[in-house]
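Enquirer: Residue numbers (this note's numbering): 56 to 286.
My structure is below; once you've seen it, I'll send some questions.
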């Protein structure tokens, strides 16, 4: 009547012919459309089509492949429902990068169901993260940017005995480190310095990840930063 055209986009993370999945993705379409005086017509079109790869599940030795396929399909279905509800680009995943600097060791990318691995040894080495058992523990929360802190250490190359953050004194009862992480010299900005990371536990049981920037053996004036929290 009024000449308006309403569009509702649906994105799939992998080719599918599952009717139930399409019903779920289109279930909330009416919530985003205000028909006012009614609808004169409706249609559906596919703007991008891909072949649906066949999967053999009849042979016993294909059980593992079947399991991996089911896991991938479940993941893809979950991603599709989240995208339909939250919008394209609002659903992302953390992807490892070939970099030892904590703030650059991973990036936000769109979900990729092909990167689902049910076993550690199935994960290809080119993903960039260290081999299992060689990487020290990482904090459960990494700060968006390191926060400078005031530190008291017994010696310049020793871990902190205590530090002050947000006007609160944290007395350290256990420290592990240092873990030395050097900047990528071929791409690091001028003036970037090597970091020595320490895993700390204070007298209240809280875990922290601090690093000292600047090497005492090079007679550099060190600066201390809080970069994350452990459980």
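Quick reminder that beta carbons are idealized off the backbone N, C-alpha and C, glycines included.
Since we're looking at a predicted model, the values are computed, not measured.
Express the C-alpha separation of residue 240 and residue 231 in angstroms, rounding to a whole number.
Expert: By one-based count along the chain shown, residue 231 stands at place 176. By one-based count along the chain shown, residue 240 stands at place 185. Their Cα atoms are separated by approximately 26 angstroms.
Enquirer: I'd like the ranges of any beta strand (DSSP E) spanning at least 3 consecutive residues and lying wholly in the segment 207-249.
Expert: 215-220 and 223-236
Enquirer: Under three-state DSSP, which class holds residue 277?
Expert: As a working note, residue 277 is residue 222 in the chain shown. Of the three classes helix, strand and coil, the one that applies to residue 277 here is coil, per DSSP.
Enquirer: Less than 6 angstroms between C-beta atoms, sequence neighbours within five positions excluded: which residues of the same chain meet that for residue 235?
Expert: One-based indexing of the chain shown puts residue 235 at position 180. 251, listed in sequence order.
Enquirer: Let me know if residue 264 comes out buried or exposed under the rule of 16 or more other beta-carbons within 10 Å of its beta-carbon.
Expert: Translated into the one-based positions of the chain shown, residue 264 becomes position 209. Classification for residue 264: buried.
Enquirer: Cutting at 6 angstroms between CB atoms, please list the residues of its own chain near residue 201, excluding the five before and the five after it.
Expert: Along the chain shown, one-based indexing puts residue 201 at 146. Excluding sequence neighbours, residue 201 sits near 280 and 282.
Enquirer: Does the separation of the CB atoms of residue 271 and residue 212 fall below 7 angstroms?
Expert: Counting from one through the chain shown, the residue named residue 271 turns up at place 216. Counting from one through the chain shown, the residue named residue 212 turns up at place 157. Cβ atoms of residue 271 and residue 212: closer than 7 angstroms.
Enquirer: In or out: residue 219 buried (at least 16 other Cβ within 10 Å) or exposed?
Expert: Translated into positions along the chain shown, residue 219 becomes position 164. With fewer than 16 Cβ atoms within 10 Å of its Cβ, residue 219 is classed as exposed.
Enquirer: Going by beta carbon distance, what residues of the same chain come within less than 7 angstroms of residue 59, once the five residues before and after it are set aside?
Expert: In the chain shown, counting from the first residue as 1, residue 59 sits at position 4. There are no such residues.
Enquirer: Just curious, the alpha helix (DSSP H) that residue 81 is in, first and last residue?
Expert: Within the chain shown, the letter at position 26 stands for residue 81. Taken as a continuous stretch (DSSP letters only), the alpha helix (DSSP H) holding residue 81 covers 74-81.
Enquirer: Which residue wins for smallest C-alpha separation from residue 150, given the options 159, 143 and 144?
Expert: Position 95 of the chain shown, counted from the first residue, corresponds to residue 150. The option with the nearest alpha carbon to residue 150 is 159.
Enquirer: For residue 254, does the count of other Cβ atoms within 10 angstroms reach 16, so buried, or fall short, so exposed?
Expert: Walking along the chain shown from the start, residue 254 turns up at place 199. Label assigned to residue 254: buried.
Enquirer: Can you tell me whether DSSP reads residue 115 as helix, strand or coil?
Expert: Indexing the chain shown from 1 puts residue 115 at position 60. In this prediction, residue 115 scores a pLDDT of 49, lower than 50, which makes its location untrustworthy; no coordinate-derived value is stated.
Enquirer: Starting from residue 162, trace the beta strand (DSSP E) both ways and give me its first and last residue.
Expert: Reading the chain shown from its first residue, position 107 is the one you call residue 162. Unbroken beta strand (DSSP E) run through residue 162: 161-164.
Enquirer: So what does residue 202 bridge to, in DSSP terms?
Expert: As a position in the chain shown, residue 202 is number 147, starting the count at 1. For residue 202, which the question treats as bridged, DSSP gives the partners 281.
Enquirer: Straight-line CA distance for residue 278 to residue 233?
Expert: Indexing the chain shown from 1 puts residue 278 at position 223. Indexing the chain shown from 1 puts residue 233 at position 178. Computed Cα separation, rounded: 15 angstroms.
Enquirer: With burial defined as no fewer than 16 other Cβ atoms inside 10 Å of the residue's Cβ, what is the status of residue 131: buried or exposed?
Expert: Position 76 of the chain shown, counted from the start, is the residue given in the question as residue 131. Per the 10 Å Cβ criterion, buried.
Enquirer: Among 246, 274 and 286, whose alpha-carbon lies nearest the alpha-carbon of residue 256?
Expert: Walking along the chain shown from the start, residue 256 turns up at place 201. Sorting 246, 274 and 286 by C-alpha distance to the C-alpha of residue 256 places 286 at the top.
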